[in-house]
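K.L.:
Quick note, the sequences are listed as chains A and B, same order. Residues in the first sequence are numbered consecutively from 161, following the numbering used here. Residues in the second sequence are numbered consecutively from 169, following the numbering used here.
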Amino acid sequence: MLLLNECAKAGVIGLAAAAVGAVAASARDQIQIVGSSTVFPYTQAVSEQFSNMSGAASPVVESTGTGGGMKLFCAGIGESHPDLTGASRSMKSSEYELCQSNGVTDVTEALIGFDGLSIAISRDNSADWDLTLEEIFLALAAQIPVDGKMQDNPHQKWSDINPDLPDSPILAFGPPPTSGTRDAFVELAMHVGCESHPWIKEQGLAEDSGWVKENCSRMRQDGPFVEAGENDNLIVQRLNADTTAMGIFGYSFLYENLDTLKPVKINGVSPDVETIGDNSYPISRPLYFYTKNAHRGVIQGLQEFIEEYMSEEALAPGGYLSERGLVALNDSDRAALQEAVITGQTMNAK
Amino acid sequence: MVADKIGHTAISDIVAANLPRRKRKQGILVILGIGAILTAFLMLFILVSSLFFSGYHAFTQTHAEIDVFVDPEVIDANKLPRGNFRELLTNALIEIFPEVESRSEKTELYRMLSHGTQFQLRDMIVSDLSVIGTTVTMKVPLSDPFDQLNKGLIDRKTPEEQRRVNNQQISQFDRLSATGVISAPFNWNLLTNPDSRFPELAGLRGALIGSFWALLICFLLSFPVGIGAAIYLEEFAPKNRISDLIEVSINNLAAVPSVVFGLLALAVFIGWFGMPRSAPFVGGMTLALMTMPTVIIAARAAMKSIPNSIREAALGVGASRQQVVFGHVLPLAMPGILTGTIIGLAQALGETAPLLLIGMNAFITSAPAGPFDSSTALPTQIFIWADSPERGFVSRTSAAILVLLGFLIAMNSLAIFLRRQFERNW
């Protein structure tokens with residue numbers, strides 16, 4: 161064992177030295193991008209377009225999830241740290257502090273557009289689904305108000321919540337807690353649904369955002385809500401197999417599978433580019449990317465890449481990002497954004 | 169004598185009485201064995217055929233032959249490689265569909281071609297400036313929805329708003345198809361192109377080269393270290409409690425889940441040594457940690473099977489222990505060691521979890537030029553494609569799995585071939 165260890169160690173150290181030397185000798189010419197799996201397809205599109213148009217080395221785009229991306233992004237300045245991270249929510253104050261403490265002080269925030277969170281069901285399901293956020297909350301929260309106090313969710317069928325809803329079991333596949341999609345769903349659907357519940361309103365708890373966050377954030381664990389991992393294609397397959405199951409995922413997956421899946425309307429509105437863009441569809445979220453300004457001009461092509469990301473060809477309605485499902489900002493917001501991001505405005509403290 | 173006879177009769181009676189039962193038991197065992205093999209084959213058959221049926225579509229790609237007039241008014245030879253190649257292609261399509269006039273209709277029409285067509289045209293013009301002002305015939309891939317339509321994967325009976333192609337696009341495609349310019353040749357792009365977000369352009373080139381570098385590094389590290397450890401343990405180490413402990417540790421190491429090695433690599437190689445993320449070099453080092461115990465075990469077994477008489481004969485004519493090992497034992501054990509190594513490498517080729525942890529699941533639209541360039545590997549490429557929303561990636565995922573299986577079968581066959589060819593019985 162000793163000898164083995166010694167051998168392995170000698171080999172590893174020798175190779176490590178060689179590797180470090182080789183890396184140090186050649187400055188990084190590829191842009192490194194991490195971050196949210198929701199922003200990933202858009203960054204993919206920009207990076208492919210960028211390397212095709214400019215002939216520059218193609219960026220390395222990794223899908224790490226919003227939180228994982230922030231951790232890598234804020235770990236420091238320099239070649240071994242990524243230049244850009246995508247996020248399906250804005251940077252948290254804890255992440256901002258992490259960035260600051262590691263010397264990543266000059267960061268630009270770019271809100272690139274909106275993404276709708278869709279609830280979808282198989283087209284073979286005959287019912288015409290239209291839910292309110294309150295009904296979604298009552299179906300999927302771990303604890304709901306029953307008889308004047310918060311109790312474990314007793315509902316097993318949609319008809320238990322509202323007799324007008326179909327008499328079919330509640331079953332929803334959704335993203336795991338590590339996912340930005342889950343954070344967004346909890347915040348946009350569960351919290352709002354919770355706040356609109358009559359008993360919670362009566363108690364005056366709806367205005368108490370701390371109480372709402374504490375009591376309405378947990379999804380139920382007793383079966384009707386299933387955490388399905390980060391692979392949205394798997395959820396799509398499950399929905400095709402089980403016609404009573406619903407799936408919660410980004411709008412782009414629904415859009416690509418509209419032949420087998422149909423959206424569940426929320427408050428009577430079904431998600432599409434228009435309803436997400438004008439905010440009439442209630443669960444849509446902003447998408448961001450963050451970039452280190454200290455890397456601009458140092459990492460080859462970073463500034464050009466950001467300019468490609470900010471170009472009208474990419475961002476405008478009808479641009480190639482909207483073809484992939486991004487819902488574009490309106491003209492004036494977009495112009496302000498392009499100005500701020502291309503010049504590299506430092507973001508404000510969170 | 170009498171007693172003997174009685175005993176004999178009694179035994180043969182018992183044997184005769186038991187015989188049908190024993191035969192029946194043996195028969196059941198044989199049937200169970202055949203059943204087990206059939207079940208295993210059935211599973212394999214289901215796996216491969218389901219992959220094949222979802223994946224074979226990806227081995228062809230719909231192409232169209234179109235005549236493109238390289239208009240000198242649109243393309244300026246002095247401004248290349250910049251230029252509006254898209255306009256040239258749109259004009260070429262309008263030649264075929266002259267009724268298309270409005271801007272939005274033109275955009276719709278252009279979507280029939282793959283996004284990569286404009287770059288294909290650009291590269292053609294840049295490499296040969298004399299085509300400016302002439303008409304060139306290009307064989308270009310169609311975009312994913314039309315590829316699906318041509319392969320019959322889009323049901324024309326579904327209502328228009330639920331389809332990825334509308335009625336007008338279908339009729340345009342049918343008109344184009346009627347003129348005989350549509351073909352579906354073997355999809356070489358699947359093997360020769362790097363990754364792309366467009367299914368019709370996406371290929372495994374980056375993943376294949378990344379896997380090659382990772383396996384090469386893995387081999388260079390695990391093979392010599394593994395053999396060195398095996399030689400010491402088998403030929404030099406004293407047999408005592410410590411060597412027993414080492415044996416148990418190595419066997420345990422071979423059974424450690426691969427994700428653990430991934431976490432180790434993330435902390436040590438990337439964290440402490442500051443090596444680059446997503447590099448096949450780091451991937452190869454991680455896989456080497458996994459492959460090393462397999463190589464050690466295989467090499468020890470191969471050396472153990474060499475008869476002692478060979479060692480003793482060599483020692484008898486005055487060879488040193490070192491000469492015995494390198495002159496006799498190692499050459500004779502080599503086929504067995506290579507077989508074990510190849511099987512270990514085949515395992516490493518299919519390993520996904522450690523590579524995910526060190527970031528080899530990135531999207532990169534170019535193949536790596538060396539082991540330090542970021543890249544993906546075959547299994548992580550499958551992982552990325554399986555997670556892509558576009559329909560075309562469903563069949564490409566299966567096709568990529570078939571390619572991976574092809575490599576695994578080739579490697580395992582090589583191992584069997586080596587064993588058959590060079591194995592000696594003593």
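Glycine is no exception: its CB is placed at the ideal position from the N, C-alpha and C atoms.
Under the rule that 16 or more other beta-carbon atoms within 10 Å means buried, what is isoleucine 173 of chain A, buried or exposed?
P.N.:
On the first sequence, residue 173 of chain A is found 13 positions in, with the first residue counted as 1. Caution applies to isoleucine 173 of chain A, whose pLDDT of 48 falls short of 50 and renders its modelled position unreliable; the value that the coordinates give is listed next. Isoleucine 173 of chain A is exposed by the Cβ-count criterion.
K.L.:
Does any CB atom of chain B fall closer than 8 Å to the CB of alanine 217 of chain A?
P.N.:
Locating residue 217 of chain A in the first sequence gives position 57, counting from the first residue. It does; some Cβ of chain B falls within 8 Å.
K.L.:
Applying the 10 Å Cβ sphere with the 16-neighbour rule, what's the burial state of threonine 177 of chain B?
P.N.:
In the second sequence, residue 177 of chain B corresponds to position 9, counting from 1. So threonine 177 of chain B counts as exposed.
K.L.:
Tell me the rounded alpha-carbon separation between histidine 496 of chain B and proline 503 of chain B.
P.N.:
Residue numbering aside, residue 496 of chain B sits at position 328 when the second sequence is read from its first letter. Residue numbering aside, residue 503 of chain B sits at position 335 when the second sequence is read from its first letter. Roughly 13 Å between the two C-alpha positions.
K.L.:
For glutamate 241 of chain B, does the three-state DSSP call read helix, strand or coil?
P.N.:
Residue 241 of chain B sits at position 73 when you count from the first residue of the second sequence. In this structure, glutamate 241 of chain B counts as coil in the three-state DSSP scheme.
K.L.:
Do alanine 535 of chain B and proline 362 of chain B have their C-beta atoms within less than 8 Å of each other?
P.N.:
If you number the second sequence from 1, residue 535 of chain B lands on position 367. If you number the second sequence from 1, residue 362 of chain B lands on position 194. Cβ distance < 8 Å, so alanine 535 of chain B and proline 362 of chain B count as in contact.
K.L.:
Is it a yes or a no for the region 305–316 of chain A touching the region 409–429 of chain A, going by three-plus beta-carbon pairs under 8 Å?
P.N.:
No, the region 305–316 of chain A is not in contact with the region 409–429 of chain A.
K.L.:
Applying a beta-carbon distance threshold of less than 9 Å, which residues of chain B neighbour valine 464 of chain A?
P.N.:
The count along the first sequence starts at 1 and reaches residue 464 of chain A at position 304. The displayed chain sequence assigns glutamate, not valine, to residue 464 of chain A. Result: empty, since nearest Cβ-Cβ is about 14 Å, beyond 9 Å.
K.L.:
Excluding the five sequence neighbours on either side, which residues of its own chain have a C-beta within less than 7 Å of the C-beta of alanine 205 of chain A, listed in chain order?
P.N.:
Start at 1 with the first residue of the first sequence, and residue 205 of chain A comes out as number 45. Within the same chain, alanine 205 of chain A has close Cβ partners Tyr480, Leu481 and Arg484.
K.L.:
Beta-carbon separation of isoleucine 338 of chain B and threonine 230 of chain B under 8 Å?
P.N.:
Along the second sequence, one-based indexing puts residue 338 of chain B at 170. Along the second sequence, one-based indexing puts residue 230 of chain B at 62. No. Outside cutoff.
K.L.:
Would you say arginine 494 of chain A faces chain B, with C-beta separation under 8 Å as the test?
P.N.:
Position 334 of the first sequence holds residue 494 of chain A. No, no contact with chain B.
K.L.:
In the structure shown, what three-state DSSP assignment does glutamate 519 of chain B receive?
P.N.:
Residue numbering aside, residue 519 of chain B sits at position 351 when the second sequence is read from its first letter. Looking at glutamate 519 of chain B - three-state DSSP - the assignment turns out to be coil, as it is neither helix nor strand.
K.L.:
Taking 8 Å as the cut-off, does the region 261–274 of chain B touch the region 288–304 of chain B (at least 3 CB pairs, one atom from each stretch)?
P.N.:
At 8 Å Cβ cutoff, the stretches do not touch.
K.L.:
Is there contact here, the region 378–395 of chain A with the region 319–338 of chain A, by at least three beta-carbon pairs under 8 Å?
P.N.:
Yes, since at least three Cβ pairs between the region 378–395 of chain A and the region 319–338 of chain A fall closer than 8 Å, the two stretches touch.
K.L.:
Would DSSP call glycine 353 of chain A helix, strand or coil?
P.N.:
Residue 353 of chain A sits at position 193 when you count from the first residue of the first sequence. Residue state, collapsed to three classes: helix.
K.L.:
According to the Cβ coordinates, are valine 372 of chain A and histidine 351 of chain A closer than 8 Å?
P.N.:
Walking along the first sequence from the start, residue 372 of chain A turns up at place 212. Walking along the first sequence from the start, residue 351 of chain A turns up at place 191. Cβ distance < 8 Å, so valine 372 of chain A and histidine 351 of chain A count as in contact.
K.L.:
In the structure shown, what three-state DSSP assignment does arginine 331 of chain B receive?
P.N.:
Looking up residue 331 of chain B in the second sequence gives position 163. Arginine 331 of chain B: coil per DSSP, three-state reduction.
K.L.:
With a cut-off of 8 Å on the beta carbons, I'd call glutamine 209 of chain A and glutamate 468 of chain A a contact; round off their distance for me.
P.N.:
For the purposes of this step, residue 209 of chain A is taken as the residue at position 49 of the first sequence. For the purposes of this step, residue 468 of chain A is taken as the residue at position 308 of the first sequence. Between glutamate 468 of chain A and glutamine 209 of chain A the Cβ distance is about 6 Å, and since that is below 8 Å, they are a contact.
K.L.:
Report buried or exposed for serine 581 of chain B, applying the criterion of at least 16 other Cβ atoms within 10 angstroms of its Cβ.
P.N.:
Reading the second sequence from its first residue, position 413 is the one you call residue 581 of chain B. So serine 581 of chain B counts as exposed.
K.L.:
Just list the alpha helix (DSSP H) runs in the region 479–561 of chain B, keeping only unbroken ones of 4 residues or longer that don't cross its boundaries, in chain order.
P.N.:
For the region 479–561 of chain B, whole alpha helix (DSSP H) runs of length 4 or above, ordered along the chain, are 489–492, 498–517, 521–525 and 546–554.
K.L.:
Return no unless some Cβ of chain A is closer than 8 Å to the Cβ of alanine 530 of chain B.
P.N.:
If you number the second sequence from 1, residue 530 of chain B lands on position 362. It does: the Cβ of alanine 530 of chain B has a partner Cβ on chain A nearer than 8 Å.
K.L.:
At 9 Å on the CB atoms, spell out the chain B contacts of leucine 418 of chain A, in chain order.
P.N.:
Sequence index remark: in the first sequence, residue 418 of chain A carries index 258 (1-based). Under the 9 Å cutoff, chain B gives Glu329, Gln330, Arg331 and Arg332.
K.L.:
Taking Cβ to Cβ, would you say glycine 273 of chain A is nearer than 8 Å to valine 487 of chain A?
P.N.:
Against the first sequence, residue 273 of chain A aligns to sequence position 113. Against the first sequence, residue 487 of chain A aligns to sequence position 327. Yes, these two residues count as a Cβ contact at 8 Å.
K.L.:
Can you tell which of A/Asp275, A/Val306, A/Gln397 and A/Val396 has its C-alpha closest to the C-alpha of threonine 341 of chain A?
P.N.:
The residue given as residue 341 of chain A occupies position 181 in the first sequence. Of the listed residues, the one whose Cα sits closest to threonine 341 of chain A is A/Asp275.
K.L.:
Residues of chain B with a CB under 8 Å from the CB of alanine 302 of chain A: which are they?
P.N.:
By 1-based counting over the first sequence, the position of residue 302 of chain A is 142. Those do not exist, as alanine 302 of chain A stays about 28 Å from chain B at its closest Cβ, beyond 8 Å.
K.L.:
Please report the residue range of the alpha helix (DSSP H) in which phenylalanine 117 of chain A lies.
P.N.:
Since the first residue of chain A shown is 161 and the last is 510, residue 117 of chain A is not available in this structure.
K.L.:
Compute the Euclidean distance between the alpha carbons of glutamate 434 of chain A and glycine 227 of chain A, then round it to the nearest angstrom.
P.N.:
Along the first sequence, read from residue 1 onward, the residue named residue 434 of chain A stands at position 274. Along the first sequence, read from residue 1 onward, the residue named residue 227 of chain A stands at position 67. Between glutamate 434 of chain A and glycine 227 of chain A, the C-alpha separation is close to 29 Å.
K.L.:
What would DSSP say about histidine 283 of chain B, mapped onto helix, strand or coil?
P.N.:
For the purposes of this step, residue 283 of chain B is identified with residue 115 of the second sequence, where counting begins at 1. Three-state DSSP puts histidine 283 of chain B in coil, outside helix and strand.
K.L.:
Given 8 Å as the limit, is there contact between the region 508–517 of chain B and the region 454–466 of chain B, that is, 3 or more CB pairs closer than that?
P.N.:
Touching, yes.
K.L.:
For a cutoff of 8 Å on Cβ pairs, would you count aspartate 239 of chain B as touching chain A?
P.N.:
In the second sequence, residue 239 of chain B corresponds to position 71, counting from 1. No - not a single Cβ of chain A is within 8 Å of the one on aspartate 239 of chain B.
K.L.:
Which full runs of the alpha helix (DSSP H) of 4+ residues lie inside the region 248–306 of chain A, going along the chain?
P.N.:
Fully enclosed alpha helix (DSSP H) runs of 4 or longer: 253–261 and 293–300.
K.L.:
On the DSSP bridge assignment, give the partners of proline 446 of chain A in chain order.
P.N.:
Here residue 446 of chain A refers to the residue found at position 286 when the first sequence is read from its first residue. The partner list for proline 446 of chain A (beta bridge, DSSP) reads A/Phe274.
K.L.:
If you count every other CB in all the chains shown that lies within 10 Å of the CB of glutamine 190 of chain A, and 16 or more means buried, which is it?
P.N.:
Along the first sequence, read from residue 1 onward, the residue named residue 190 of chain A stands at position 30. So glutamine 190 of chain A counts as buried.
K.L.:
Helix, strand or coil for aspartate 392 of chain A, going by three-state DSSP, please let me know.
P.N.:
Your numbering for residue 392 of chain A matches position 232 in the first sequence. Of the three classes helix, strand and coil, the one that applies to aspartate 392 of chain A here is helix, per DSSP.
K.L.:
Go ahead and pull the three-state DSSP assignment for glycine 181 of chain A.
P.N.:
The residue you call residue 181 of chain A lines up with position 21 of the first sequence. In this prediction, glycine 181 of chain A has a pLDDT of 43, which is less than 50 and means its spatial position is unreliable; what the coordinates show is noted afterwards. Of the three classes helix, strand and coil, the one that applies to glycine 181 of chain A here is helix, per DSSP.
K.L.:
My assumption, with CB atoms under 8 Å, is that leucine 219 of chain B sits in contact with leucine 570 of chain B. Please give the rounded CB distance.
P.N.:
Walking along the second sequence from the start, residue 219 of chain B turns up at place 51. Walking along the second sequence from the start, residue 570 of chain B turns up at place 402. At roughly 6 Å, the Cβ-Cβ gap stays under 8 Å, so leucine 219 of chain B and leucine 570 of chain B are in contact.
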